[in-house]
Amino acid sequence: QYITGTREIGIETVKAFRIGLQIDQAGGRWLTIPHYERGKLVNIKSRTLPPAEKTFRRVKDCRSVLFNGDALESHKEEIIITEGEVDTLTLWDRGVKNVIGSTTGAGSFDPSWIDQLQAIKRIVLCYDPDEPGQKGAREAARRLGYDRCFNVALPDGQDVNEYFCAGHDVFDFQALVGEARLFDVAGIMSFADGLMKYR
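Counting from 22, one number per residue, gives the positions in the sequence shown under this note's numbering.
Dropping the structure here:
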């Protein structure tokens, strides 16, 4: 109900990613999101369901992997990276299959992911538009290479899921991806921006 109703993600996506419900000994309800790598279960991330205060937990001593990371095998030209699992599920549900997500949030980017993304020609970072999200996106771009990382500007402080729940469709999102820009780097500007500034 939370995923299909509140988050507006279809039941087929719920089944495809094996999203589940866990009820703990105290009766608390948790949304469970399994993390797979090459088809094998690596970890399970859980988050409390409303009305409980939002909190997360994971299985201890398990590796952090890219959510839907197996998509890297079939999408070498372009990959979209979101800040978290629900945003990845949202795009995948709308037909955007070249999408992966961080499983550790905006504040960290596992070193092993850099090697996994080495062969990707164009990387589109679609993190939350708030300060932590944009700081995380810029740090990811720095580590992956500014020359191939493009930043999507989501409007009105919305994350990916909120953007679609507000009534936007995949064509609107594709337009945003088309307008994505390289990150500004201190002391460096594009040729076009230089012409405009110094003409």
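A virtual CB, placed ideally from N, CA and C, is assigned to each residue, including glycine.
Separation of Val198 from Asp149, as counted between CA atoms: Sequence index remark: in the sequence shown, residue 149 carries index 128 (1-based). Sequence index remark: in the sequence shown, residue 198 carries index 177 (1-based). Rounded to whole angstroms, Asp149 to Val198 spans 14 Å at the Cα level.
Using the Cβ count rule (16 or more neighbours within 10 Å means buried), how would you classify Asn182? Along the sequence shown, read from residue 1 onward, the residue named residue 182 stands at position 161. Asn182 should be labelled buried.
Quick one: using the 10 Å Cβ neighbour count with 16 as the cut-off for buried, is Phe185 buried or exposed? Position 164 of the sequence shown, counting from 1, holds the residue named residue 185. Buried, by the Cβ-count rule.
Per DSSP, what are the beta-bridge partners of Lys66 in this structure? By 1-based counting over the sequence shown, the position of residue 66 is 45. Bridge partners of Lys66: Ile54, Arg79.
Return the residue from the list Val173, Val63, Ala140, Val120 that minimises the CA-CA distance to Val86. Along the sequence shown, read from residue 1 onward, the residue named residue 86 stands at position 65. The candidate whose alpha carbon is nearest that of Val86 is Val63.
Short Cβ contact (7 Å threshold) for Leu110 with Ile32: Sequence index remark: in the sequence shown, residue 110 carries index 89 (1-based). Sequence index remark: in the sequence shown, residue 32 carries index 11 (1-based). No, they are not a contact pair.
On the three-state DSSP scale, how would you describe Gly208? For this step, residue 208 is matched to residue 187 along the sequence shown. Only weak support is given to the placement of Gly208: the predicted model assigns it a pLDDT of 49, under 50, and the question is left unresolved by the model.
Helix, strand or coil for Val120 per DSSP? On the sequence shown, residue 120 is found 99 positions in, with the first residue counted as 1. Reduced to three states, the DSSP call for Val120 is strand.
Answer with buried or exposed for Gly41, where buried requires no fewer than 16 other C-beta atoms within 10 angstroms of its C-beta. By 1-based counting over the sequence shown, the position of residue 41 is 20. Exposed, because fewer than 16 other Cβ atoms sit within 10 Å of the Cβ of Gly41.
Applying the criterion that 16 or more other CB atoms from any shown protein chain within 10 Å of the CB defines a buried residue, is Asp180 buried or exposed? By 1-based counting over the sequence shown, the position of residue 180 is 159. Counting Cβ neighbours within 10 Å, Asp180 comes out buried, since at least 16 surround it.
Alpha carbon to alpha carbon, what distance is there between Pro55 and Arg39? Here residue 39 is taken as the residue at index 18 of the sequence shown, counted from 1. Here residue 55 is taken as the residue at index 34 of the sequence shown, counted from 1. Going from the Cα of Arg39 to the Cα of Pro55 covers about 7 Å.
Does DSSP classify Phe171 as helix, strand or coil? For this step, residue 171 is matched to residue 150 along the sequence shown. DSSP places Phe171 in strand when its eight states are reduced to three.
Cβ-based neighbour list, Asn119, same chain, cut-off 7 Å, excluding 5 preceding and 5 following: Along the sequence shown, one-based indexing puts residue 119 at 98. Taken in chain order, the residues that qualify are Ala92, His96, Glu99, Ile100, Ile101.
Near Asp45, which residues of its chain fall below 8 Å by C-beta distance, leaving aside the five closest residues on each side in sequence? Here residue 45 refers to the residue found at position 24 when the sequence shown is read from its first residue. Trp51.
Suppose you measure from the CA of His90 to the CA of Pro72; what does that come to, to the nearest Å? Here residue 90 is taken as the residue at index 69 of the sequence shown, counted from 1. Here residue 72 is taken as the residue at index 51 of the sequence shown, counted from 1. According to the sequence displayed, residue 90 carries Gly and not His. For Gly90 and Pro72, the distance between alpha carbons rounds to 31 Å.
Nearest-angstrom Cα separation, counted from Phe194 out to Gly208: Here residue 208 is taken as the residue at index 187 of the sequence shown, counted from 1. Here residue 194 is taken as the residue at index 173 of the sequence shown, counted from 1. For Gly208, the predicted model reports a pLDDT of 49, less than 50, meaning its position is unreliable and no value from the coordinates is stated.
Best match in Ala174, Trp134, Glu200 for proximity to Arg164 [C-alpha to C-alpha]: As a working mapping, residue 164 is identified with position 143 in the sequence shown. For the residues Ala174, Trp134, Glu200, the minimum Cα distance to Arg164 belongs to Trp134.
In the DSSP output, what is Glu99 paired with across the bridge? Taking the first residue of the sequence shown as 1, we reach residue 99 at position 78. Answer is Arg143, bridged to Glu99.
Within its chain, find whatever has a CB closer than 6 Å to the CB of Phe77; leave out the 5 residues flanking it on each side and keep chain order. Here residue 77 corresponds to residue number 56 of the sequence shown, with the count starting at 1. Only Arg68 meet the Cβ criterion.
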